[in-house]
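To keep things clear, I will list the structure first and then write my remarks on it.
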Amino acid sequence: MPHSIPEGVLRILERIPMTAVICDVRTGEILWANARDMRIVGATDPSQVIGRNLLEFLDPTQHGVALRDVEAIARGESPEPVTYRINRVGGGSVWVQIASVPIQFGEMPGMLSLIAEVTSREEALRDLAESEERYRQLVETSPDGIVVMVGREIAYANPALTAALGVTLEDVVGASAYDFIAEEYRKPIQEARKAILASGKPDTEAPAVILKADGTRLEVMARTAPVTWHGELATQTVIRFP
173 MPHSIPEGVL RILERIPMTA VICDVRTGEI LWANARDMRI VGATDPSQVI
223 GRNLLEFLDP TQHGVALRDV EAIARGESPE PVTYRINRVG GGSVWVQIAS
273 VPIQFGEMPG MLSLIAEVTS REEALRDLAE SEERYRQLVE TSPDGIVVMV
323 GREIAYANPA LTAALGVTLE DVVGASAYDF IAEEYRKPIQ EARKAILASG
373 KPDTEAPAVI LKADGTRLEV MARTAPVTWH GELATQTVIR FP
């Protein structure tokens, strides 16, 4: 439930080394901001933000999320922290995480928000997502077959490999990879994978024979390397077809 902020608590909020603001939940107007650290929003003094609407600092695509949380605050709830991209005074933007709780600010129903910058984290996450998307596109358009194995099971097979085997991805995910390897190659490949996982180094390209869904043998060249797949140690094998 909303609670008043004693003068002593306000003095503490003034001194904490992070950005804190109080908004009117009825209008979104910023009523108070601490003077100690306004750098996140690009301000040098609270007067540069007090009196402005909180939506002015948010990307328009996130206004709906912000208004939803303001409504929750007005009901006396404390929503989960949210990551926003905010516009800074004077230009530019940063990523922040905002945690808010309901308070009573004088006679006004208010929202106290603590703001922490998370730009480095968000940029790293987005770089990772972009890298994963580039990898996915590269793998799925590769003319070579590519298979990821966790333990003995197939975790992923690209379209080139499933087409060569005459199967769908759903047919092979979770199946033993050795079911698609000619019997005389199964033990050597199993031993090679153990060595690769133990050493953390890829092997050299070597011949192998894989089995299509109809039992037809297909001679290929394969090279395996250790990878991490959703947090698990795995191997990725690139298969060149004749």
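Every number in our numbering is 172 more than the matching position in the sequence shown, counting from 1. C-beta atoms are modelled at their ideal positions from N, C-alpha and C, and glycine is treated no differently.
Asked: Go ahead and label residue 365 buried or exposed: buried means 16 or more other beta carbons lie within 10 angstroms of its beta carbon, across all protein chains shown.; Found: buried
Asked: So what does DSSP say about residue 343, is it helix, strand or coil?; Found: helix
Asked: Could you check where the beta strand (DSSP E) with residue 257 kicks off and where it finishes?; Found: 254-259
Asked: For residue 204 and residue 193, which I take to be in contact (beta-carbon distance under 8 Å), what is that distance rounded to the nearest angstrom?; Found: 7 Å
Asked: Contact between the segment 235-247 and the segment 273-286 is defined here as three or more beta-carbon pairs at a separation below 8 Å; is this criterion met?; Found: yes
Asked: Return the first residue and the last residue of the beta strand (DSSP E) that residue 269 is part of.; Found: 265-277
Asked: Evaluate the contact criterion for the segment 372-381 versus the segment 390-408: three or more CB pairs, one atom per stretch, below 8 Å.; Found: yes
Asked: Quick check on residue 231: does DSSP put it in helix, strand or coil?; Found: coil
Asked: Considering only C-alpha positions, which residue in the set 406, 286, 356, 274 is nearest to residue 191?; Found: 286
Asked: Quick check: the Cα distance between residue 356 and residue 350, rounded to an integer number of angstroms?; Found: 11 Å
Asked: Measuring CB to CB, does residue 201 end up less than 8 Å from residue 223?; Found: yes
Asked: So, for residue 399: in the same chain, excluding its five sequence neighbours on each side, which residues have a beta-carbon less than 6 Å away from its beta-carbon?; Found: 406, 408
Asked: Is the Cβ-Cβ distance between residue 268 and residue 275 less than 8 Å?; Found: no
Asked: In angstroms, rounded to a whole number, what distance separates the CA positions of residue 374 and residue 367?; Found: 9 Å
Asked: Within its chain, find whatever has a CB closer than 7 Å to the CB of residue 213; leave out the 5 residues flanking it on each side and keep chain order.; Found: 191, 221, 229, 258, 260, 261
Asked: Going by beta carbon distance, what residues of the same chain come within less than 6 Å of residue 238, once the five residues before and after it are set aside?; Found: 230
Asked: Is the beta carbon of residue 341 less than 8 Å from the beta carbon of residue 329?; Found: yes
Asked: Return the chain-ordered list of same chain residues with a C-beta closer than 6 Å to the C-beta of residue 253, the five sequence neighbours on each side being excluded.; Found: 269, 271
Asked: Got a sec, what are the start and stop residues for the beta strand (DSSP E) residue 196 sits in?; Found: 191-196
Asked: Suppose only complete runs of 3+ residues qualify. What are the beta strand (DSSP E) ranges in the segment 347-386, listed by chain order?; Found: 378-383
Asked: Could you tell me the boundaries of the beta strand (DSSP E) in which residue 408 lies?; Found: 404-412
Asked: Measuring CB to CB, does residue 294 end up less than 8 Å from residue 233?; Found: no
Asked: Report yes if the CB atom of residue 333 is closer than 8 Å to the CB atom of residue 318, and no otherwise.; Found: yes
Asked: Among 331, 385, 325, which has the Cα closest to the Cα of residue 337?; Found: 385
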